[in-house]
Each structure stands twice: as structure tokens, then as C-alpha cells.
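Chemist: Note that the protein sequences, when read in sequence, are chains P and U. Read in our numbering, the first sequence has 169 at position 164, and its numbers run on one by one without any break. Read in our numbering, the second sequence has 50 at position 19, and its numbers run on one by one without any break.
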Amino acid sequence: MPMVKSKKKKSKKEATDGEEGGEVEVEVTSRRRSDSRDPLTPEPLDPAPQKKKKKKRAQTIDLEAEHPDVPNGDMVELEGEESAPVTRKTKRKKKAKATEQFSNDLEAEDDDIITDASSPIPQQSLFSAPHGHSQPVGKVFVERNRRFQAERIEHRRHSEDEYMDPRQIWTTRDVAMKVHSSFRVLGLFSHGFLAGYAVWNIIVVYVLAGEQMTTLQNLLQQYHLLAYPAQSLLYLLLVLSTVSAFDRVNLAKASMALRGFVTLDPAALASFLYFIALILSLSQQMTSDRINLYPTANETLWPPGSEQQILRPWMVVNLVVAILVGLAWAVVSTRPDIDYTEEFLVTMEVEGYPRAEDNLDIPA
Amino acid sequence: MLQTGNFSLVLLIQLTLLAYDLFVNSFSELLRGAPVIQLVLFIMQDIAILFNVIIILLMLFNTYVFQVGLVSLLLERFRALLIISALYLTLSICFHCWALNLRWFQSNRFIWTDGLQALFVFQRTAAVLYYYFYKRTAECMGDPRLYEDSLWLRNIFTRARQ
Chain P
6 MPMVKSKKKK SKKEATDGEE GGEVEVEVTS RRRSDSRDPL TPEPLDPAPQ KKKKKKRAQT
66 IDLEAEHPDV PNGDMVELEG EESAPVTRKT KRKKKAKATE QFSNDLEAED DDIITDASSP
126 IPQQSLFSAP HGHSQPVGKV FVERNRRFQA ERIEHRRHSE DEYMDPRQIW TTRDVAMKVH
186 SSFRVLGLFS HGFLAGYAVW NIIVVYVLAG EQMTTLQNLL QQYHLLAYPA QSLLYLLLVL
246 STVSAFDRVN LAKASMALRG FVTLDPAALA SFLYFIALIL SLSQQMTSDR INLYPTANET
306 LWPPGSEQQI LRPWMVVNLV VAILVGLAWA VVSTRPDIDY TEEFLVTMEV EGYPRAEDNL
366 DIPA
Chain U
32 MLQTGNFSLV LLIQLTLLAY DLFVNSFSEL LRGAPVIQLV LFIMQDIAIL FNVIIILLML
92 FNTYVFQVGL VSLLLERFRA LLIISALYLT LSICFHCWAL NLRWFQSNRF IWTDGLQALF
152 VFQRTAAVLY YYFYKRTAEC MGDPRLYEDS LWLRNIFTRA RQ
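(1) Below 8 Å on C-beta distance, what does Thr156 (chain U) contact in chain P?
(2) Note down, one range per segment and in chain order, each alpha helix (DSSP H) of at least 4 residues found wholly within the stretch 255-343 of chain P.
(3) May I ask you to verify whether the stretch 202-211 of chain P touches the stretch 235-250 of chain P, counting CB pairs closer than 8 Å and requiring at least 3?
(4) Counting Cβ pairs, one atom from each stretch, are 3 or more of them under 8 Å apart for the stretch 300-310 of chain P and the stretch 257-270 of chain P?
(5) Roughly how far, in whole angstroms, is the beta-carbon of Tyr95 (chain U) from the beta-carbon of Val248 (chain P), given that I think they are within contact range, below 8 Å?
(6) With H, G and I counted as helix, E and B as strand and the rest as coil, what does DSSP make of Ile142 (chain U)?
(7) Taking C-beta pairs closer than 8 Å, name the residues in chain P that Arg110 (chain U) reaches, listed in chain order.
(8) For Trp183 (chain U), which residues in the same chain have their Cβ closer than 8 Å to its Cβ, ignoring the five residues on either side in sequence?
(9) Could you pull out every residue in the same chain whose Cβ sits closer than 7 Å to the Cβ of Leu48 (chain U), ignoring the five residues on either side in sequence?
(10) Assuming Thr168 (chain U) contacts Ile87 (chain U) under a Cβ cut-off of 8 Å, what Cβ separation, rounded to an integer in Å, is found between them?
(11) Leaving out five residues on either side along the sequence, give the residues of the same chain with a beta carbon under 7 Å from the beta carbon of Tyr299 (chain P).
(12) Look at the alpha carbon of Pro341 (chain P) and the alpha carbon of Lys166 (chain U), and state the distance between them as a whole number of angstroms.
(13) So what does DSSP say about Glu107 (chain U), is it helix, strand or coil?
(14) I need the DSSP call for Ser59 (chain U), collapsed to helix, strand or coil.
(15) Which residue from U:Met90, U:Tyr119, U:Leu118 puts its Cα closest to that of Leu105 (chain U)?
(16) Hey, Ser123 (chain U) and Gln148 (chain U) are a contact pair by Cβ (cut 8 Å); roughly how many whole angstroms apart?
(17) Is Glu170 (chain U) closer than 8 Å to Val330 (chain P) when the C-beta atoms are compared?
(18) Can you tell me whether DSSP reads Leu113 (chain U) as helix, strand or coil?
(19) Could you give the distance in angstroms between the alpha-carbon of Ile284 (chain P) and the alpha-carbon of Ala327 (chain P)?
(20) Do Ala272 (chain P) and Tyr345 (chain P) have their C-beta atoms closer together than 8 Å?
(21) Using a C-beta cutoff of 8 Å, does Thr35 (chain U) count as contacting chain P?
(22) Of all the residues that make up the stretch 122-155 of chain U, which are near chain P by a beta-carbon distance shorter than 7 Å?
(23) What does the alpha-carbon distance come out to for the pair Ser246 (chain P) and Thr156 (chain U)?
(24) In or out: Asp121 (chain P) buried (at least 16 other Cβ within 10 Å) or exposed?
(25) Between Pro234 (chain P) and chain U, is any beta-carbon pair separated by less than 8 Å?
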């Protein structure tokens, strides 16, 4: 590296300050002439050595600033110019040793030589690595499938960081998927709880109603406290189960949902069953409130002898609801892993819309 | 770019409001000891629905897709939620006004008519669809592509200009 060599020169010259002969002076003069071509540094004829040194440093820094993309701070344009003086300087060093016995009456010129060969890089050993900072280019070449491919170094560094730091992987999409999977667990619990609760509810109602519904008064007296809370809980569980079933079939994508219904997909079938059960259950809200108000009821609300007329459809609908939710739970249980919305969330990033960074991989 | 922490916080708020809405829909009929209780519950429920709609709209406005002017793309994706939210809010307000009007002077009386029953069924059914679409949209808003420039967005933008 020319810079290092010139720096070595400087140290050597400092050691042999004021001891060099006339030959050296000639070389330095030619060197100075080439330097004086530089328009940035108009030098006085005989300046002080320290000032010259400072000027040279400023020159070097300026040139480096002009060529920031060159590795190690070297300047390609100057390589040809620098090589010749360096060989001359090594020669000059040998000659300087040979002329040690000469008098130092040409001290000013020797100072010039030292200043001319000076470098802003501090003194170091001959075989050490250069101090210039490497300036990496924008691409690295990675061997893939027995060939090298260019890759953006920022992209590669980013992927390495992701590998090193797992927190970087936690994106908004992962948060959404975590929420979705948590709700799926809740829905799975809701499916089973709703099926069991509906079956228990209808068994209690039929037991209280007695054989051939002969004890409906007993049912009203015993069940009126439970009627409204049972209806509310049924609605809550039905909502959770229905939303979970809709999630499984990805109802928002109409084509996918329709295909599921046509092919009798378990998730689509369960969604349909839950939705029918929900509407049937909601339609019994009036009767449930009527049962709830049985103790305080007057004859307009519960006319005498109207119990069977009011309660029979209510019991049948509750039976149908229990069968539907039981069937839906059984259908969901056959394929509990189906979740098209989750698949949609997972593939959302690559499906049809490639990201910009993916397109930056340029084959070499 | 949407930060993960911010998105988690917004998602938590949205799900909390949804949970409150579900709670009121499920158990408001049980909490009718005094008409003012239902009044407060219903007002808060309607405000929660409104807040949820405002939050989702703000999130839509915050996307890069919206900022570059591709509103049609967002509408195409989230039109169902906006329609169902508006429908559900309307049905809820109507049902709340009707039920409270009938129960205001005597909270524990039988108020059901065929019309109120039909409105109740529609409101509660719309609620289920609202929960589903809202939850799905809130999750879809975590899509990182909505918040940054990309090739597919440029393609859509070029297509839209043509």
C-alpha cells in the first residue's frame, strides 16, 4: 500500500534527519514539482516544515473525501503516480544510510524530504495490516446450488440479526395469529361446553315436565328461576361457538366458504348448524321471559290451561337446539385442526403479493 | 410501520370492547332490576360499538395503502365489516330505545311483541356477524404489507392510475 510505505519513509527520514546528501535533494525536488501540479495546494517556495506537513495531511484527507467508495481509502487515480516515488524513496533510504557520515549542512532540504514523505497514518511495523477502514460494497456473494448469487448485504445482515435475536421475529402478524389461536382454544372449549350444557338443559326440562308432559306446573315452578340465566348462557356459548366455527371456515372469503358448504366440509357444516341453532335459540326469547315471569304473572300472560300450548314448542325447539349443537360439536371434533382463517393469516404475506425485499435477489 | 407493541395495545382495547358488548348482549336481560342500570349498560354498549368503529377507521387511515390513495383496495377488503358495523349499531340503538321505552316505568314486566322479538333476533344475529368480522379485520390489520411500500402496492397503484 503506497500510503503505508510513505509513512514508513517518514519515520525513517525522521531518524536520519539532516544527514542526507545532494542526490536525495534532486529526487525530492522532482517529487515536489509533481505535487505542485495539484491546484489545491499552492505552496510557497520555502515554507516551514511543520506547515508543509499539515498541508499534506489536509490534502490527503480531501482526496479521501472525494473518493469515499474506494476500499481502504486508497485512490485509484493516484496509484500510478504514487508507485514511482515509492520505489525512489526506498532507494533513497538506502542511500541515506550510506551517506550517514556526511555533514548535515543541508538540514532545511532534509526537512523537506521528511515532510514530503509524511503520511497522516502513524508509525507501524512493515508487515502489519493497513489501518484504513474497509468500506464494504452493497452486495455479498453467497454460494447457493453450486453457484454464487449476489445478495444485498443489508438484507443478509437483517436476516442474521433475526437469527441472532428472536425478538425481532415477533411481528404484528404474529400477534394477530397468537390472538387467533388463543380464541380458537376458547372456541374449542366452548364447543364442548355448549354441547354438554344443551344436552343437560333439555334433559332437566324433560325430566321436570314428566311423562307425556303431565307435570308442566312443576316444570314452571322449578325452572322459572333458571330459564333466563340458561337462555343468556346459551346465547353466550352459541356466539362463541358460532364465531369460532366461522373462523374455521373463513366465512369472509365467500368463494372458499361456499366451496366448503358444497363439499360438506366439517367446518362449514358446523358453522351452518351453529347458526341455525343460534336463530332458533333467539326465537325463544319471548317464551323464556314468559317462563321467567311465571310467579308474578297474571292471567293475560299465563291463561289457565295454556301451559302445554306455550311450553311444547319451546321444549321442541330447545331439543332441536341441543341436537344441532351436539351434532356440530361431533362434526368439529372429527377435524379439530381445520382452520382456514389461520391458514389465510399464515399465507397472507406470500399469497399473490410478493414483498419488495424478496425481489431484490439478483442472480449473479 | 406499525409497531408490535402499539398493535397489541390496540388489539387488546378492541377485544375488550367486543367482550363488553358480548357481555351486555348476553346478560343485560338479567340486569334489569332498575331501568337506569340497563340505560347505562346500553349507552356504554353503543359507545363501545362506536369506539370500535372509530378505532378500525383510524387504523385504516394509518395504513400506507390509504396514504397513497388506494382507498378502494381497503374498501374492497373491509367493506363487509363497515356495512355490518353500521347495521349492528343501528339495530342496537333501535332495540335499546324500544326496550327501554317499554320498561322505563316498570322494569320487570313482559314487554315482548312480535315486532320487538323480530328486532331482537335481528340485532343479536347481526351481533354475531359483527363479532366475527370485527375480530377478523382486527387481526388482518396486523398485516405488515399494509404499512410499507412494496412491489404489489406499486403494481396496484399503476393499475389504478391507468
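Where is the CB? At the ideal position from N, CA and C, for every residue including glycine.
Modeler: Straight from the coordinates:
(1) Leu283, Ile284, Leu287
(2) 259-267, 271-288, 290-297, 312-339
(3) yes
(4) no
(5) At roughly 30 Å, the Cβ-Cβ gap does not stay under 8 Å, so Tyr95 (chain U) and Val248 (chain P) are not in contact.
(6) coil
(7) Going along chain P, no residue has its Cβ under 8 Å from Arg110 (chain U), so there is no contact; the nearest lies around 10 Å.
(8) Arg176
(9) Ala79, Phe82, Asn83
(10) 6 Å
(11) Leu225, His229, Trp307
(12) 20 Å
(13) helix
(14) coil
(15) U:Met90
(16) Their Cβ separation, rounded to whole angstroms, is 16 Å, which puts Ser123 (chain U) and Gln148 (chain U) out of contact at 8 Å.
(17) no
(18) helix
(19) 13 Å
(20) yes
(21) yes
(22) Phe141, Trp143, Gln148, Phe151, Val152, Arg155
(23) 13 Å
(24) In this predicted model, Asp121 (chain P) has a pLDDT of only 48, less than 50, meaning its place in the structure is not dependable; the value taken from the coordinates is given anyway. Flag for Asp121 (chain P) reads buried.
(25) yes
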